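Asker:
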Amino acid sequence: MKITVLMGGTSSERNVSLASGIRIVQALRERGHQVTALDPARGVITQAEERELSTGKVGTKPPSLESLSKVAEGAFLPNLTSMKEIRSADVVFLALHGGQGEDGTIQALLDMAHVRYTGSGHLSSALAMDKDLSKKLFRAEDVKTADWLMAPVEIEQVEGILGLPVIVKPSKQGSTVGLSIVKKREELLPAIEEASKYDDEVMIERFVPGRELTVGVLGDVALPVGEIISKHEIYDYECKYTPGMAREEFPAKLSPEATARVQQQALDGFKALKLRGYARIDFRLTEEGEFYCLEANTLPGMTELSLIPQGAAAMGISFPDLCERIVKLALA
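Each residue of the sequence shown is one higher than the one before, counting from 1 in this note's numbering.
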């Protein structure tokens with residue numbers, strides 16, 4: 001089968017995408033497919049570039065906004081679907097994270113060109129990327145999520161409605177880029193300013209203390225629940241992509257009843273946003289035994305340290321098999 005893997009792009013998660021993409025390329029070739037690696041910002045990735053990327057290094061911090069603006073200068077998104085690497089592919093495997101790769105933009109282009117691709121459609125991708133809208137849809141389907149406000153907002157409202165601490169984050173970002181924990185009122189404005197660098201909408205969300213859990217969804221099946229034990233207070237960019245900064249347990253140490261409950265919540269969240277193919281749904285579990293949905297990730301990381309591959313492995317699904325299943329779901 002001819003498969004083009006889209007990876008890289010111009011978002012703040014570019015490095016993560018490249019690390020995910022090269023693993024997917026290698027896995028699909030192992031399965032005998034004819035695979036091309038394509039970066040929407042730079043073009044076809046050469047064999048020499050593939051060898052360099054195969055180290056899988058992401059870095060402890062996202063790329064600077066200055067470096068990303070330079071990358072964006074070479075982007076050819078409007079011409080993407082006219083490229084033979086896209087037109088001749090039986091399916092496009094989306095290994096992009098964040099930005100136009102995950103917000104429905106590229107999905108819409110591929111839809112208009114009648115090109116099949118992995119993951120959710122353009123509308124569902126846009127809804128999941130917008131944390132404000134996705135939380136509203138979660139609540140409409142009885143998927144519990146923490147209270148939140150959208151900036152601009154007075155500090156008195158934040159303290160009165162949400163209390164401190166709160167999480168401040170860009171409404172449309174991933175990998176905790178631009179995210180801060182605010183514990184004191186004087187920290188709120190700087191946190192909003194930091195988040196505003198990455199999006200024009202900023203969410204202020206009640207901080208939910210507890211255990212960090214994640215559930216992958218593959219087709220209509222919830223994968224084993226995972227727990228993330230991070231060295232930082234939150235599972236941030238450094239912890240996600242630096243070996244030794246976090247420990248993941250699959251399956252998480254939960255009762256059978258709690259496991260079934262959070263897996264069902266993940267499936268409900270998946271359906272609430274009308275996602276397809278695969279996704280990862282993140283949760284917090286409080287001391288009182290309540291699950292709070294944090295967000296849905298429509299194109300979750302596929303690096304060596306990423307959570308979806310670990311959840312699949314706990315179910316006996318190897319990484320090449322996982323990639324193969326994702327492709328088959330796109331063609332179903």
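Ideal Cβ positions, reconstructed from N, Cα and C, are used throughout, including at glycine.
Quick caveat: nothing in here was measured; it's all calculated off a predicted structure.
1. Take the Cβ of Leu273 as the centre, count every other Cβ of all protein chains shown within 10 Å, and call the residue buried at 16 or more, exposed below.
2. For the alpha helix (DSSP H) holding Arg87, just list the boundary residues, first then last.
3. In chain order, what residues of the same chain lie with their CB nearer than 6 Å to the CB of Glu249, ignoring the 5 residues before and after it?
4. Going by beta carbon distance, what residues of the same chain come within less than 7 Å of Leu127, once the five residues before and after it are set aside?
5. So Pro339 and Gly178 are in contact, right, with Cβ under 8 Å, and what is the actual spacing, rounded?
6. Within 10 Å of its beta-carbon, does Val221 have 16 or more other beta-carbons around it, so buried, or fewer, so exposed?
7. Assuming contact is defined by CB atoms lying nearer than 8 Å, are Val153 and Ile229 in contact in what I supplied?
8. Given a threshold of 16 other Cβ atoms within 10 Å of its Cβ, counted over all protein chains shown, does His114 qualify as buried or as exposed?
9. I need the straight-line Cα distance from Ile155 to Asp321, nearest angstrom please.
10. Applying the criterion that 16 or more other CB atoms from any shown protein chain within 10 Å of the CB defines a buried residue, is Glu102 buried or exposed?
11. Whole angstroms are fine: how far does the CA of Gly98 sit from the CA of Gly119?
12. Which runs of the beta strand (DSSP E) fall wholly inside the region 80-160 and span at least 3 residues, in chain order?
13. Taking contact to mean 3 or more Cβ pairs, one atom from each stretch, closer than 8 Å, check whether the region 311-326 and the region 35-42 are in contact.
14. Answer with buried or exposed for Lys131, where buried requires no fewer than 16 other C-beta atoms within 10 angstroms of its C-beta.
15. Where do the N-terminal and C-terminal ends of the beta strand (DSSP E) with Phe283 fall, by residue?
16. Touching or not, the region 263-273 and the region 212-220, by the rule of three or more beta carbon pairs under 8 Å?
17. Taking buried to mean at least 16 other C-beta atoms within 10 Å of its own C-beta, is Leu305 buried or exposed?
18. Looking at the secondary structure, which residues open and close the beta strand (DSSP E) in which Phe270 lies?
19. Going by the CB atoms, is the gap between Val182 and Pro209 shorter than 8 Å?
20. Taking the alpha carbon of Gly244 as the point to measure from, which residue in Val202, Lys231, Leu254 has its own alpha carbon closest?
21. So the candidates are Arg276, Glu201, Asp90; which of them puts its Cα closest to the Cα of Arg116?
22. Lys328: which of Arg29, Gln26, Phe93, Thr176 sits nearest, CA to CA?
23. Could you tell me which uninterrupted alpha helix (DSSP H) segments, each at least 4 residues in length, are contained entirely in the region 289-331, listed from first to last along the chain?
24. Please report the straight-line C-alpha distance between Arg51 and Leu96, rounded to a whole angstrom.
25. Do Ser88 and Lys2 have their beta-carbon atoms positioned less than 8 Å apart in this structure?
26. Is it buried or exposed for Gln173, if we count other Cβ within 10 angstroms and need 16 for buried?
27. Do you know offhand how far Phe283's Cα is from Thr46's?
28. What first and last residue would you give for the alpha helix (DSSP H) that runs through Glu30?
29. How would you label Leu110, buried or exposed, when you count the other beta carbons within 10 angstroms and need 16 or more for buried?
30. Return the chain-ordered ranges of every beta strand (DSSP E) run that is complete within the region 160-239 and spans a minimum of 3 residues.
31. Would DSSP call Ala41 helix, strand or coil?
32. I need the straight-line Cα distance from Glu33 to Arg23, nearest angstrom please.
33. Check this for me: beta carbons of Arg14 and Gly8, under 8 Å apart or not?
34. Put Leu275 into one of helix, strand or coil per three-state DSSP.
35. For Ala246, write down the residues that DSSP places opposite it in a beta bridge.
Answerer: Let me spell this out:
1. Numbered from 1 along the sequence shown, position 273 holds the residue referred to as residue 273. It is buried - the Cβ of Leu273 has at least 16 other Cβ atoms within 10 Å.
2. Counted from its first residue, the sequence shown places residue 87 at position 87. 84-87 is the span of the alpha helix (DSSP H), which, as asked, contains Arg87.
3. Numbered from its first residue, the sequence shown carries residue 249 at position 249. The beta carbon of Glu249 is closer than 6 Å to those of Glu227 in its chain, skipping five residues each way along the sequence.
4. Looking up residue 127 in the sequence shown gives position 127. For Leu127, where only same-chain residues beyond five positions count, the Cβ hits under 7 Å are Leu133, Ser134, Leu137, Leu273.
5. Since the first and last residues shown for the chain are 1 and 332, residue 339 lies out of range.
6. Within the sequence shown, residue 221 is the residue found at index 221, counting from 1. Taking every protein chain shown into account, the CB of Val221 has fewer than 16 other CB atoms within 10 angstroms, so this residue is exposed.
7. Reading the sequence shown from its first residue, position 153 is the one you call residue 153. Reading the sequence shown from its first residue, position 229 is the one you call residue 229. With a cutoff of 8 Å on beta-carbon distance, Val153 and Ile229 are scored as not near each other.
8. Position 114 of the sequence shown, counting from 1, holds the residue named residue 114. Per the 10 Å Cβ criterion, exposed.
9. Position 155 of the sequence shown, counting from 1, holds the residue named residue 155. Position 321 of the sequence shown, counting from 1, holds the residue named residue 321. The straight-line gap from Cα to Cα measures roughly 49 Å.
10. For the purposes of this step, residue 102 is taken as residue 102 along the sequence shown, with counting starting at 1. When all chains shown are included, Glu102 counts as buried.
11. On the sequence shown, position 119 is the one that residue 119 refers to. On the sequence shown, position 98 is the one that residue 98 refers to. Near 14 Å, if we compare the C-alpha coordinates of Gly98 and Gly119.
12. Within the region 80-160, the complete beta strand (DSSP E) runs of at least 3 residues fall at 91-94, 148-150.
13. Too few Cβ pairs lie closer than 8 Å, so no.
14. Start at 1 with the first residue of the sequence shown, and residue 131 comes out as number 131. Lys131 is buried by the Cβ-count criterion.
15. The residue you call residue 283 lines up with position 283 of the sequence shown. Here the beta strand (DSSP E) through Phe283 covers 278-285.
16. yes
17. By 1-based counting over the sequence shown, the position of residue 305 is 305. Leu305 is buried by the Cβ-count criterion.
18. Locating residue 270 in the sequence shown gives position 270, where the first residue counts as 1. Note, Phe270: premise wrong, no beta strand (DSSP E); alpha helix (DSSP H) at 256-272.
19. On the sequence shown, position 209 is the one that residue 209 refers to. On the sequence shown, position 182 is the one that residue 182 refers to. In terms of Cβ geometry, Pro209 and Val182 do not form a close pair [threshold 8 Å].
20. Counting from 1 along the sequence shown, the entry for residue 244 is found at position 244. Among Val202, Lys231, Leu254, the Cα nearest to that of Gly244 belongs to Lys231.
21. If you number the sequence shown from 1, residue 116 lands on position 116. Comparing Cα positions, the closest option is Asp90.
22. By 1-based counting over the sequence shown, the position of residue 328 is 328. Considering only alpha carbons, the answer is Phe93.
23. 307-314, 319-331
24. Mapped onto the sequence shown, residue 51 falls at position 51. Mapped onto the sequence shown, residue 96 falls at position 96. Rounded to whole angstroms, Arg51 to Leu96 spans 19 Å at the Cα level.
25. As a first step, residue 2 is located in the sequence shown; it is residue number 2 there, counting from the start. As a first step, residue 88 is located in the sequence shown; it is residue number 88 there, counting from the start. Going by C-beta atoms, Lys2 is nearer than 8 Å to Ser88.
26. Working through the sequence shown from its first residue, we reach residue 173 at position 173. The residue in question, Gln173, is buried, as its Cβ has 16 or more Cβ neighbours within 10 Å.
27. Counting from one through the sequence shown, the residue named residue 283 turns up at place 283. Counting from one through the sequence shown, the residue named residue 46 turns up at place 46. Distance between the alpha carbons of Phe283 and Thr46: 39 Å.
28. Mapped onto the sequence shown, residue 30 falls at position 30. Element bounds for Glu30: 14-30.
29. In the sequence shown, residue 110 corresponds to position 110, counting from 1. Classification for Leu110: buried.
30. Listed in chain order, they are 166-170, 180-182, 202-206, 211-218, 226-230.
31. Locating residue 41 in the sequence shown gives position 41, where the first residue counts as 1. Note: Ala41 maps to coil in three-state DSSP.
32. By 1-based counting over the sequence shown, the position of residue 33 is 33. By 1-based counting over the sequence shown, the position of residue 23 is 23. It is His, not Glu, that sits at residue 33 in the sequence shown. Cα-Cα distance, rounded: 14 Å.
33. Your numbering for residue 14 matches position 14 in the sequence shown. Your numbering for residue 8 matches position 8 in the sequence shown. Yes, they are a contact pair.
34. Start at 1 with the first residue of the sequence shown, and residue 275 comes out as number 275. In the three-state reduction of the DSSP assignment, Leu275 falls in the coil class.
35. As a first step, residue 246 is located in the sequence shown; it is residue number 246 there, counting from the start. In the DSSP output, where bridge partners are listed per residue, Ala246 has Ser230.
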